[in-house]
Every structure is written in C-alpha cells, then in structure tokens.
C-alpha cells in the first residue's frame, strides 16, 4: 500500500462482561457445525437508509463485554472454513461479525458494488462499525479484518473515520478500484466482475453496475469516488497490512 498504518489488532482491542440472547441460525441447505463454547448467531444490522445487512456473530463463552472485529464481503459467509475461522477468532475474546454487502445473499437493498461502502451518501461500513460499538455486549472498541474485497471495504471505512474504529488488519487488496480492479495494468478487465451477480439477490443489479462502469472507460469523477489515495490524510486508524 502507498500509505502504511501499522498496529497490532490484539494490542488495540481490550476485553472486559456480557449478555447477548439470540438463537443460532442454520438453514436446511448448510451444515450444522458445533463450535463448542462459541455461539453462532444471525442478525440484521440497520443502515442509515433503513436497509438491513445480514451478519453472523460468533460470540465467546463468558460474561463480557467484549471488543468486536468484523469483516465485510459480497462472497458467501457460510462455508465451513469461514465459519470455523470466525469461531476460532471468537475464542480469543472477541465478538466476530461477518457481514454481507447490501444486495448480496441475505442482505437487503440494491447491489451497487463498493459504492455503498464508501464516503458518500451511503456508508455501510461506518454504520456496521457503530452498530457493533453500541451493542450491550460491546466494549465500544472495534477492529476490522479481511483481504481483497474485505480489504477494499476496510480502506473505504478508514476514510469515514468511525469514532469507535481502533485498528485494522488487511492483506492482498487495493486503494483505487479503477487502477487496481477495473483497469489493472491499464487494461479493462470486466470479466473479473461478471460473476458477482451470482451472489446478488437480484442479478440484474450487477448488470446495471457493469453498465455504469462501461460508461466510464477512463479515470474520471465517477472513479475518483472510489479512490482512497485521494483521502490519505483521513486514513489515520492504525493498520497492519
């Protein structure tokens, strides 16, 4: 990354006493897993425009309150490996939240790619962060993690400066969707994004998004709205990358 923000996730988040009541969710199509002393729960997190994002919480055993760490993806959150990894993190003393982007899987709203994650009218990452911070089980200290799509979400989140965000951990990601996603090496790469419709509640949303991109073949104001390199002074939360 052009901008280095180094810190330790564990050092930035402290633990402390807890109460959270919600039944675990298992659909008929997925494997029911036993996480031992960690509880898996399904929640819908409200955004500023009334849309609710689907999230799965992994809550450690004990009395809390706890800090929370979260990841945002458009990909499925329900693979065995993803769920077991989240439970493993929770055993370290965190509430772990896995959140799907709006318009994907069980999350409500229209899929607009990273546009809802950013620093414009919609700031879904900010809203998730602050929702986690104000839950009765939370210490108010929030961290983020993730790679690729989850890393982009973290960079956009850093620009919005949520008051309860204390640290981030990201790998294998980018800062400008135009330069490091859509036009890697100066070549338009739309085939990289056509399959995103597979995870949309309405596949037409992805076709609409691609049409927007095709209408902006060059780096213009449209793409500047998704370029974190223009906002480095605001990206001051400690980050290990």
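In the numbering used here, the protein residues as written are 8 to 248.
Glycine included, every Cβ here is placed at the ideal spot set by N, Cα and C.
All values reported here derive from a predicted model rather than from experimental measurement.
Figure out for me which residue from the options has the closest Cα to the Cα of residue i.
| i | options | result |
| --- | --- | --- |
| residue 207 | 81, 68, 125 | 81 |
| residue 97 | 199, 44, 228 | 44 |
| residue 182 | 85, 174, 156 | 156 |
| residue 138 | 127, 102, 88, 113 | 102 |
| residue 124 | 93, 228, 169, 113 | 169 |
| residue 56 | 128, 213, 216 | 128 |
| residue 114 | 135, 99, 185 | 135 |
| residue 106 | 84, 92, 118, 95 | 84 |
| residue 226 | 184, 116, 130, 76 | 184 |
So is residue i buried or exposed if we call it buried at 16+ other beta carbons inside 10 Å?
| i | result |
| --- | --- |
| residue 191 | exposed |
| residue 30 | Reliability fails at residue 30, whose pLDDT of 33 lies under 50, so the model's placement of it is uncertain and no value is given. |
| residue 165 | buried |
| residue 78 | buried |
| residue 249 | It is not possible to answer for residue 249, since the shown part of the chain is limited to 8 through 248. |
| residue 233 | buried |
| residue 60 | buried |
| residue 228 | exposed |
| residue 205 | exposed |
| residue 194 | exposed |
| residue 16 | Legend: pLDDT at residue 16 = 46, less than 50; position of this residue unreliable, no value from coordinates given. |
With DSSP as the reference, please indicate the residues paired to residue i in a beta bridge.
| i | result |
| --- | --- |
| residue 76 | 103, 150 |
| residue 52 | 60 |
| residue 145 | 73 |
| residue 46 | 66 |
| residue 176 | 152, 247 |
| residue 114 | Looking at the DSSP assignment, residue 114 forms no beta bridge with any residue, so it has no partner. |
| residue 41 | DSSP output for residue 41 lists no bridge partner at all. |
| residue 183 | 234 |
Can you grab the Cα-Cα spacing for the pair residue i / residue j, in whole Å?
| i | j | result |
| --- | --- | --- |
| residue 133 | residue 63 | 17 angstroms |
| residue 39 | residue 224 | 45 angstroms |
| residue 242 | residue 235 | 9 angstroms |
| residue 196 | residue 188 | 8 angstroms |
| residue 158 | residue 219 | 23 angstroms |
| residue 162 | residue 145 | 23 angstroms |
| residue 108 | residue 180 | 17 angstroms |
| residue 149 | residue 54 | 17 angstroms |
| residue 203 | residue 51 | 22 angstroms |
| residue 140 | residue 171 | 6 angstroms |
| residue 89 | residue 104 | 11 angstroms |
| residue 121 | residue 66 | 28 angstroms |
| residue 42 | residue 69 | 15 angstroms |
| residue 74 | residue 217 | 38 angstroms |
| residue 186 | residue 160 | 16 angstroms |
| residue 176 | residue 94 | 17 angstroms |
| residue 237 | residue 153 | 22 angstroms |
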